[in-house]
Amino acid sequence: FREASGETLEALYEAWIADLKARSRAELQAVERAGLTQYMLITDFGGSPRNPRFGADGELLSLEGGRKPGGIYRRGPDDVPSEPPEAVFETESVGRFDVCPGGAIIFDRAERHRGTYTFHDLYLFDPVDRSTRRLTHGARIREPGCAPDGRWAAAVQLVEGRARLVRVDLADGRVEPLFDPGGLNQV
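In the working numbering, each residue's number is its place in the sequence shown (first place is 1) plus 57.
Spelled out as structure tokens, the structure:
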């Protein structure tokens with residue numbers, strides 16, 4: 058670094074930090090002059106809630122990641138923004154989830170194949186015994202929605218370049234097409 062810039066890496070880093078702080082202060086002053094209000098802290102632990110759903114007991118659940126392990130977390134109206142929510146269960150690479158009657162949670166998770174690409178399969182989490190059961194294997198199924206009777210789920214399956222709606226039996230993971238648009242059409 059010294060040969061290219063005439064400065065040490067440490068000196069360059071300190072100059073960069075000083076410049077960053079000066080530009081940040083200038084931006085803050087411009088915001089204040091414009092009459093905009095101060096930001097409100099929503100999280101300081103790196104959380105990013107997605108896919109909110111109500112659980113069987115009426116509690117609010119959401120997918121979260123960030124600095125904590127990924128998974129499905131329980132949130133409440135009195136939660137303190139600076140404290141992480143309570144984990145229902147932790148798992149990585151969850152795309153979407155839904156809560157079935159009785160409280161079971163169906164979700165899709167991206168699985169790596171041969172280290173080069175991923176595909177989605179469905180899983181079912183049982184909150185009573187805290188077990189997770191894989192429903193499909195290599196089926197490329199995502200975005201599950203539990204049926205009102207809790208015995209099956211509708212989901213989207215990627216097949217031959219298109220997306221189709223399928224029915225997945227929650228007892229045995231059997232997949233049956235519900236609506237297939239054909240060709241390269243998508244649902």
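Ideal placement from N, C-alpha and C gives every residue a C-beta, glycine not left out.
These figures come from a predicted structure and were not determined experimentally.
Cross-strand partners of residue i (DSSP beta bridge)
i, result
"GLU168", "PHE176"
"GLN214", "ILE198, ARG221"
"ALA144", "TYR130"
"CYS203", "ALA210"
"ASP183", "SER188"
Cutoff 6 Å; reference residue i; Cβ partners in own chain excluding five residues on either side
i, result
"PRO106", "SER119, GLU121"
"VAL151", "LEU120, PHE164, ARG166"
"ARG169", "THR175"
"ALA220", "VAL213, GLN243, VAL244"
"ALA247", "The structure shown does not extend to residue 247, since the chain is modelled only from 58 to 244, so the question has no answer here."
"GLU149", "GLY127"
"PRO184", "GLY160"
Neighbourhood of residue i by C-beta, 8 Å cutoff - its chain only, sequence neighbours within 5 removed
i, result
"ARG231", "VAL225"
"PRO158", "ALA113, CYS203, PRO205, ASP206, GLY207"
"ASN15", "The structure shown does not extend to residue 15, since the chain is modelled only from 58 through 244, so no value can be given for it."
DSSP state of residue i mapped onto helix, strand, coil
i, result
"LEU66", "helix"
Residues of its chain near residue i, where Cβ-Cβ distance is below 7 Å and the 5 sequence neighbours each way are ignored
i, result
"TRP209", "ARG224, VAL225, ASP226, LEU227"
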